[in-house]
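Student: Note that the sequence shown covers residues 1 to 227 in the UniProt record's numbering.
No residue lacks a Cβ here, since even glycine has one placed at the ideal position from N, Cα and C.
Fair warning: this is a prediction, and the values are worked out from it, not measured in the lab.
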Amino acid sequence: MQQEAYGEVFLIDKPLEWTSFDVVKKVRNALRIKKVGHAGTLDPLATGLLIVCAGRQTKQIETYMGQEKEYTGSFIIGATTESFDLEKPVIPVADPSFITLEQVRAAAAQLTGAISQIPPMHSAIKVDGKRVYESARKGIEVKMEARPVQVREFEITGFDSNEIRFRISCSKGTYIRSLARDLGEILGVGAYMNSLRRTRIGDFLVSDAHNLPELVEKIKARSHENL
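1) Residue 100: buried (16+ other C-beta within 10 angstroms of its C-beta) or exposed?
2) Go through its chain and collect everything with a Cβ distance to residue 209's Cβ below 7 Å, but skip five positions before and after it.
3) What residue range is occupied by the uninterrupted alpha helix (DSSP H) comprising residue 103?
4) DSSP has residue 13 in a bridge; who is on the other side?
5) How close, in whole Å, do the beta carbons of residue 167 and residue 84 come, if the pair is a contact with beta carbons under 8 Å?
6) If contacts are defined as beta-carbon pairs under 8 Å, then residue 92 and residue 113 qualify, I think. What distance do you get, rounded to the angstrom?
7) Is it true that the CB of residue 19 sits closer than 7 Å to the CB of residue 254?
8) For the beta strand (DSSP E) holding residue 151, just list the boundary residues, first then last.
9) Below 8 Å on the Cβ atoms is my guess for residue 69 versus residue 198; work out the distance and round it to an integer in Å.
10) Should residue 8 be labelled buried (16 or more other beta-carbon atoms within 10 Å of its own) or exposed?
11) Can you list, in chain order, the residues of its chain whose CB lies under 7 Å from that of residue 182, leaving out five sequence neighbours each side?
12) Report back the beta-carbon spacing between residue 80 and residue 184 to the nearest angstrom; my notes put them in contact at under 8 Å.
13) Tell me where the beta strand (DSSP E) around residue 36 begins and ends.
14) Is residue 148 near the ligand NAD, judged by its Cβ being under 6 Å from some heavy atom?
15) Which word fits residue 221, buried or exposed, when buried means at least 16 other C-beta atoms lie within 10 angstroms of its C-beta?
16) In three-state terms, what does DSSP make of residue 42?
17) Starting from the C-beta of residue 108, find all residues in its chain whose C-beta is less than 6 Å away, skip the five residues before and the five after it, and write them out in chain order.
18) Would you check if the distance between the CB atom of residue 206 and the CB atom of residue 171 is smaller than 7 Å?
What follows is the structure, encoded as structure tokens:
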């Protein structure tokens, strides 16, 4: 927790299955103020670093959102899902047993650097003023435009049978789920994101983040006069 007279910045390790807004709401209720927001959404099925700003520090949200992000996690090859993660049922694509580590690394290299990426339909991006995931849940297909993103590092840290483990450093707006889809397409066997953890935003590390229940108790136990 970084506390200053004009507001606060909280580094929080988002729990699995919580939305980013769930975390903001919990902090907002503990602080008893309305001016609380987060600096970059984490999907419910992801864990890791979430920056939550309160008071006048909410003015810094855009700055934090623009900083480089780092993630670790795993992809499963040989299958896919409509959401490119485990939110939707798994759909088998092809037997991945012939895929080698060298092929995986070569595919990752094709997705490194300045690339164009099509975001997933199951995302919070707005098209014509509506969140595309709302249309996706109604079975309405929305044409998604490719967007430029920067993947500075795409390191394959492990490969076992059909599971690929990775570490990725990337720009704002990069969807790791879309990288899973694209990697699967390059390999020709399909892929989806099995797990994801955000470990860094700029110079902020998840190792310095607070456990949410403990943070809420600390907030409740102190005075908020600085806000």
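Tutor: Put simply:
1) Position 100 of the sequence shown holds residue 100. Result: exposed.
2) For the purposes of this step, residue 209 is taken as residue 209 along the sequence shown, with counting starting at 1. The residues are 11, 12, 13 and 49.
3) Translated into the one-based positions of the sequence shown, residue 103 becomes position 103. Here the alpha helix (DSSP H) through residue 103 covers 101–110.
4) Translated into positions along the sequence shown, residue 13 becomes position 13. Answer is 49 and 211, bridged to residue 13.
5) For the purposes of this step, residue 167 is taken as residue 167 along the sequence shown, with counting starting at 1. For the purposes of this step, residue 84 is taken as residue 84 along the sequence shown, with counting starting at 1. Wrong, their Cβ atoms sit about 19 Å apart, outside the cutoff.
6) Locating residue 92 in the sequence shown gives position 92, counting from the first residue. Locating residue 113 in the sequence shown gives position 113, counting from the first residue. With 8 Å as the limit, residue 92 and residue 113 do not qualify as a contact, their Cβ atoms being about 31 Å apart.
7) Lying before the first or after the last residue shown, residue 254 is absent from the chain, which here runs from 1 to 227.
8) Looking up residue 151 in the sequence shown gives position 151. Taken as a continuous stretch (DSSP letters only), the beta strand (DSSP E) holding residue 151 covers 147–160.
9) For this step, residue 69 is matched to residue 69 along the sequence shown. For this step, residue 198 is matched to residue 198 along the sequence shown. Contact holds; Cβ gap of about 6 Å.
10) Counted from its first residue, the sequence shown places residue 8 at position 8. Classification for residue 8: buried.
11) Walking along the sequence shown from the start, residue 182 turns up at place 182. Closer than 7 Å at the Cβ level, and outside the excluded window around residue 182, lie 111.
12) Position 80 of the sequence shown holds residue 80. Position 184 of the sequence shown holds residue 184. That pair is a contact at about 6 Å.
13) Counting from 1 along the sequence shown, the entry for residue 36 is found at position 36. Residue 36 -> beta strand (DSSP E) spans 36–38.
14) Here there are no bound small molecules, and the ligand NAD is not part of this structure.
15) For the purposes of this step, residue 221 is taken as the residue at position 221 of the sequence shown. Flag for residue 221 reads exposed.
16) Position 42 of the sequence shown holds residue 42. DSSP places residue 42 in coil when its eight states are reduced to three.
17) Your numbering for residue 108 matches position 108 in the sequence shown. If we look at residue 108 and ignore the five residues flanking it on each side, its Cβ neighbours are 154 and 156.
18) Locating residue 206 in the sequence shown gives position 206, where the first residue counts as 1. Locating residue 171 in the sequence shown gives position 171, where the first residue counts as 1. Not a contact, by the Cβ cut-off of 7 Å.
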